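Engineer: Pasting a structure below so you can have a look.
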Amino acid sequence: MINEMPDIKNEIHTEDNKKDLMSRFNHGDPFARMSTLYAPTLKEEPADAEIPSHRLLLRGGFIRKTASGLYSYLPLGWRVLKKIEAIIREEMDASGAQECLLPILGPATLWEESGRISKYGPELMRLEDRHERTFVLGPTHEEIMTDLVRHELRSYKGLPLNLYQISTKFRDELRPRFGLMRGREFIMKDAYSFDADIDGMKESFKVMYNVYTTICERLSLKALPVAADAGQIGGADSIEFMALAESGEAAIASCSSCGYAADLEAATARVNVGDGPQSSAGIIEEVSTPGISTIADLARYVGVEEKDCKKAVALLKEPDSDEDPQAIIAMLPGDHELNEVKAYNAFGPYHLMDDEELDQYGLIKGFIGPHNLPAGIQIVADVSLRDSKQWLIGANKADTHYKGAEPDRDFTIDAWIDLVTVCSDDGCPVCSNPLSLTRGIEVGQIFQLANKYSAPLHATFLDKDGKEKPLQMGCYGIGVTRTLAAIVEQHHDDDGIIWPITVAPYEVGIIALDPKHEEVRIAAETLATELSNSGLQVLLDDRDERPGVKFNEADLMGTPVQIVIGKRGIAENTLEVKIRATQEKSSLSTQEAKNSILTLVEELKNR
Ligand code: ATP
Ligand code: MG
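Mind the numbering: the sequence shown is residues 1452 to 2058 in our numbering, read in order.
Below, the structure written as structure tokens:
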């Protein structure tokens, strides 16, 4: 059988044919129509959506879940994303950064070179090709970018350089949740700067700090730059950009007096620590504490505050090879918790001991302390405890504590380390005034990497004197999809999303109240055409639906400027304009409508 080519060419040979054909999906309009837009909305609250952005993006027909942590962007969602990307791209380009695109799939060998293959843990998605070579789906691209430049960026003359891309990242998050906030696949803008020395790296870091500040402003995001832990990416100084929101997963400690602000993972403080009760003879003394195994009970029983007690946390540092794990007791002020990130930075991979492990190391839950510890256990203590003399501690004996214990005299602290999670009202580390805690969404983070990747990957250049030196790097990420969700968190009300006009999928929505009425239809289509031809993005609701449904959906989708055209208005030569953000309504004469709306959109853009 011959596979014949269908005679398409002949069927579309006239201009009229072509025009007909091209209007199949959009009626040949310069604007969009609700009747054909693929934006299925939901009347019901989606069951598993816990925060406003997740709920509203689903309900408004912007995104759909494909599987846990994996989302499809529907036309409306994709339009917003492209606008966010465009703003990010404009600001990156304006700063002199150069856009490129690296492969998402990277050979595991590069990750072995940097040493991150083992450190990154199960979040790193790995797969094998047909030759049984291992690859990773990039969660971030330091290795691939460093590899890209190490062969050809060889002279100081090519420095400084800042390369960036906007592309998909993969992280097999333990708990993907909150819609676009924490996905397993998401879009990130990641940039990497290369400098000849540390001073240069710091200058590049400053440039990107400025760029991020401007991007947040242009996206109408209220964001706070905070000191951060460098996490899996590493390096020294790091700053996160936190969009302030109740629903944020991150906590921020900040000082209203001096402006200090830090991610709770990294925040330090002057912790106000008390002393336990004195012992009568001035030496360490046993106190019988039957069944008193929590700090709260102990404080009450002894008649002191929780901050006057010392808390012991038992953990096991996981060994590099087949050695035994190292048992560690971390001593903390009784009213503070262990900060897992600080502990990880101090000990490397570790876990808290379970009941079986406590038994195995001869430790009694609720009565652990630094005096008379079984041999081989290290003792570390939070730095805030250094000046406390009278320690009320567990006695490593059931139903017993010690009071009046003293470090150096009764036990030795192997290391004093900052280990606590800061609480509100702890003293600011800069000015001592009380800190307060707020919540935020980490939309971006910038890092000073120095030679963290260039050294292991041997990415060097020749300086002016012909000396070989490592490139000094910085890296800079913004979660594009998370930013979209963060904008919704900051811009919504009970009725739906309130898009800032700069990122709205359509700037103007025209609601034709009675589209079957010829005059209404013509007036609405004419205005939509005129506004589109003047450069606005217009969505015409031409559906044969009840007005209430149309109003509700326009509000749910967050269209910034909404114009209502109905029979009565046409008779009176007027139409109604509503501003979504303020709910302000006004009446316009049909003649001046176009110019007034153009002016209004311009005004909203500059607000
Ligand atoms: P988090 O602490 O929230 O897990 P992170 O510090 O691991 O984030 P970075 O490595 O700094 O993230 O990545 C840069 C940016 O990428 C983040 O600031 C965030 O906006 C975005 N991002 C990171 N992980 C995710 C994710 N799972 N889903 C969506 N966006 C993400
Ligand atoms: Mg981060």
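All C-beta atoms, glycine included, are put in the ideal place defined by N, C-alpha and C.
Keep in mind the model is a prediction, meaning the values are calculated, not measured.
Look up Pro1951 in the DSSP assignment and say whether it is helix, strand or coil.
Structural biologist: The residue labelled residue 1951 in the question sits at position 500 within the sequence shown. In the structure shown, Pro1951 sits in coil (DSSP, three-state: anything other than H, G, I, E or B).
Engineer: Who are Gly1928's beta bridge partners in DSSP?
Structural biologist: Counted from its first residue, the sequence shown places residue 1928 at position 477. According to DSSP, which records beta bridges pairwise, Gly1928 is partnered with Asp1641 and Gln1896.
Engineer: Say whether the stretch 1774-1784 touches the stretch 1828-1835, bearing in mind that this needs 3 or more beta-carbon pairs closer than 8 Å, one atom from each stretch.
Structural biologist: Enough Cβ pairs lie closer than 8 Å, so yes.
Engineer: What number of angstroms, rounded off, separates the C-alpha of Pro1907 from the C-alpha of Pro2011?
Structural biologist: On the sequence shown, residue 1907 is found 456 positions in, with the first residue counted as 1. On the sequence shown, residue 2011 is found 560 positions in, with the first residue counted as 1. Cα to Cα, the separation comes out at about 51 Å.
Engineer: Over what stretch of residues does the beta strand (DSSP E) that includes Gln1616 continue unbroken?
Structural biologist: Against the sequence shown, residue 1616 aligns to sequence position 165. Here the beta strand (DSSP E) through Gln1616 covers Leu1612 to Phe1621.
Engineer: Between the C-alpha atoms of Lys1903 and Arg1890, what's the straight-line distance to the nearest angstrom?
Structural biologist: What you label residue 1903 is simply residue 452 of the sequence shown in a count that begins at 1. What you label residue 1890 is simply residue 439 of the sequence shown in a count that begins at 1. So the alpha carbons of these two residues sit roughly 31 Å apart.
Engineer: Using the beta carbon as the reference atom, which residues fall closer than 7 Å to any heavy atom of ligand 2, ordered along the chain?
Structural biologist: The answer, residue by residue, is Ala1679, Gly1682, Glu1691, Glu1893, Gln1896 and Gly1928.
Engineer: What is the residue span of the beta strand (DSSP E) that Asp1992 lies within?
Structural biologist: Position 541 of the sequence shown, counting from 1, holds the residue named residue 1992. Note, Asp1992: beta strand (DSSP E), Val1989 to Asp1992.
Engineer: In this structure, how does DSSP classify Lys1533 when only helix, strand and coil are distinguished?
Structural biologist: To locate residue 1533, count along the sequence shown from 1; it is residue 82. Here Lys1533 sits in helix by DSSP.
Engineer: Have a look at Ala1713, Thr1664, Glu1583 and Ile1555 and flag the residue whose alpha-carbon is nearest the alpha-carbon of Ala1679.
Structural biologist: Residue mapping note: residue 1679 aligns to position 228 of the sequence shown, counting from 1. Per the Cα distances, Ala1713.
Engineer: Tell whether a beta-carbon distance below 8 Å holds between Leu1964 and Ile2014.
Structural biologist: For this step, residue 1964 is matched to residue 513 along the sequence shown. For this step, residue 2014 is matched to residue 563 along the sequence shown. Not in contact: Leu1964 and Ile2014 (Cβ atoms no closer than 8 Å).
Engineer: When you compare each of Val1881, Phe1586, Ser1565 and Leu1599 to Leu1552 by their alpha carbons, which one comes out closest?
Structural biologist: Indexing the sequence shown from 1 puts residue 1552 at position 101. That would be Leu1599, whose Cα lies nearest to the Cα of Leu1552.
Engineer: Check whether the Cβ of Gly1634 sits closer than 7 Å to any heavy atom of ligand 1, and report yes or no.
Structural biologist: As a working mapping, residue 1634 is identified with position 183 in the sequence shown. Within the cutoff, so yes.
Engineer: Across the stretch 1709-1723 and the stretch 1659-1677, are there enough close Cβ pairs to call them in contact, namely three or more that are closer than 8 Å?
Structural biologist: At 8 Å Cβ cutoff, the stretches touch.
Engineer: Name the residue from Pro1627, Ile1684 and Tyr1607 whose alpha carbon lies nearest to the alpha carbon of Gly1651.
Structural biologist: To locate residue 1651, count along the sequence shown from 1; it is residue 200. Closest by alpha carbon: Tyr1607.
Engineer: Just the C-alpha distance for Thr1619 and Gly1930, rounded to the nearest angstrom, thanks.
Structural biologist: Counted from its first residue, the sequence shown places residue 1619 at position 168. Counted from its first residue, the sequence shown places residue 1930 at position 479. Straight-line Cα distance between these residues: approximately 10 Å.
Engineer: Quick one, are the C-beta atoms of Glu1766 and Tyr1801 less than 8 Å apart?
Structural biologist: For the purposes of this step, residue 1766 is taken as residue 315 along the sequence shown, with counting starting at 1. For the purposes of this step, residue 1801 is taken as residue 350 along the sequence shown, with counting starting at 1. In the sequence on display, residue 1766 carries Leu and not Glu. Yes, the Cβ-Cβ distance between Leu1766 and Tyr1801 is below 8 Å.
Engineer: Can we count Met1639 as close to ligand 1, meaning its CB is less than 7 Å from some heavy atom?
Structural biologist: Taking the first residue of the sequence shown as 1, we reach residue 1639 at position 188. Met1639 Cβ: within cutoff of ligand 1.
Engineer: Could you check what DSSP says for Ala1483 in three-state terms: helix, strand or coil?
Structural biologist: Here residue 1483 refers to the residue found at position 32 of the sequence shown. It is a strand residue.
Engineer: Counting C-beta neighbours from all protein chains within 10 Å, is the total for Thr1745 16 or more, i.e. buried, or is it exposed?
Structural biologist: Here residue 1745 refers to the residue found at position 294 when the sequence shown is read from its first residue. Thr1745 is exposed by the Cβ-count criterion.
Engineer: Determine the direct distance from the alpha carbon of Arg1721 to that of Leu1508, and round the result to whole angstroms.
Structural biologist: Counting from one through the sequence shown, the residue named residue 1508 turns up at place 57. Counting from one through the sequence shown, the residue named residue 1721 turns up at place 270. The straight-line gap from Cα to Cα measures roughly 42 Å.
Engineer: By DSSP, does Tyr1812 sit in helix, in strand, or in coil?
Structural biologist: Taking the sequence shown and counting its residues from 1, one reaches residue 1812 at position 361. Three-state DSSP puts Tyr1812 in coil, outside helix and strand.
Engineer: Taking the Cβ atom as the reference point for each residue, do Tyr1853 and Val1738 lie within a distance shorter than 8 Å?
Structural biologist: Stepping through the sequence shown from its first residue, residue 1853 is reached at position 402. Stepping through the sequence shown from its first residue, residue 1738 is reached at position 287. In this structure, Val1738 lies closer than 8 Å to Tyr1853 by Cβ.
Engineer: For Val1587, which residues in the same chain have their Cβ closer than 7 Å to its Cβ, ignoring the five residues on either side in sequence?
Structural biologist: Here residue 1587 corresponds to residue number 136 of the sequence shown, with the count starting at 1. Only Gly1557, Ala1559, Trp1562, Leu1575, Met1576 and Arg1577 meet the Cβ criterion.
Engineer: Under the three-state reduction of DSSP, which class applies to Gly1528: helix, strand or coil?
Structural biologist: Here the question's residue 1528 lines up with position 77 in the sequence shown. Helix, per DSSP.
Engineer: Hey, could you find the ends of the alpha helix (DSSP H) Asp1714 is sitting in?
Structural biologist: As a position in the sequence shown, residue 1714 is number 263, starting the count at 1. No alpha helix (DSSP H) contains Asp1714, which is instead part of the beta strand (DSSP E) from Ala1712 to Asp1714.
Engineer: Within a Cβ cutoff of 6 Å, which residues of the same chain sit near Asp1748, ignoring the five residues on either side of it in sequence?
Structural biologist: Indexing the sequence shown from 1 puts residue 1748 at position 297. Correct list: empty, nothing qualifies.
Engineer: In terms of DSSP beta bridges, what is Leu2112 paired with?
Structural biologist: Missing from the structure shown is residue 2112; the chain here goes from 1452 to 2058 and no further.
Engineer: Which runs of the beta strand (DSSP E) spanning at least 3 residues fall entirely within the stretch 1526-1588, listed in chain order?
Structural biologist: Those beta strand (DSSP E) runs which fall completely within the stretch 1526-1588 and span 3+ residues are 1556-1558, 1576-1579 and 1585-1588.
Engineer: Secondary structure at Glu2027, three-state DSSP: helix, strand or coil?
Structural biologist: Taking the first residue of the sequence shown as 1, we reach residue 2027 at position 576. Residue state, collapsed to three classes: strand.
Engineer: Would you mind working out which of Leu1672, Pro1611, Lys1761 and Glu1788 sits nearest Asp1838, comparing C-alpha positions?
Structural biologist: One-based indexing of the sequence shown puts residue 1838 at position 387. Nearest option by C-alpha distance: Lys1761.
Engineer: Compute the distance between the beta-carbons of Cys1874 and His1787, then report whether it is under 8 Å.
Structural biologist: Position 423 of the sequence shown, counting from 1, holds the residue named residue 1874. Position 336 of the sequence shown, counting from 1, holds the residue named residue 1787. Yes; because the gap between Cβ atoms is below 8 Å, this pair is in contact.
Engineer: I'd like the list of long-range same chain contacts for Asp1992, defined as Cβ closer than 6 Å, with 5 residues on each side in sequence excluded.
Structural biologist: On the sequence shown, position 541 is the one that residue 1992 refers to. For Asp1992, where only same-chain residues beyond five positions count, the Cβ hits under 6 Å are Met1485, Ile1962 and Lys2001.
Engineer: Looking at the secondary structure, which residues open and close the beta strand (DSSP E) in which Val1959 lies?
Structural biologist: Residue 1959 sits at position 508 when you count from the first residue of the sequence shown. Segment Val1959 to Ala1963, the beta strand (DSSP E) holding Val1959.
Engineer: Can you tell me whether DSSP reads Arg1890 as helix, strand or coil?
Structural biologist: Walking along the sequence shown from the start, residue 1890 turns up at place 439. Looking at Arg1890 - three-state DSSP - the assignment turns out to be strand.
Engineer: Which two residues bound the contiguous alpha helix (DSSP H) that contains Val2012?
Structural biologist: As a working note, residue 2012 is residue 561 in the sequence shown. Counting along the chain, Val2012 falls outside any alpha helix (DSSP H), though it belongs to the beta strand (DSSP E) covering Val2012 to Ile2016.
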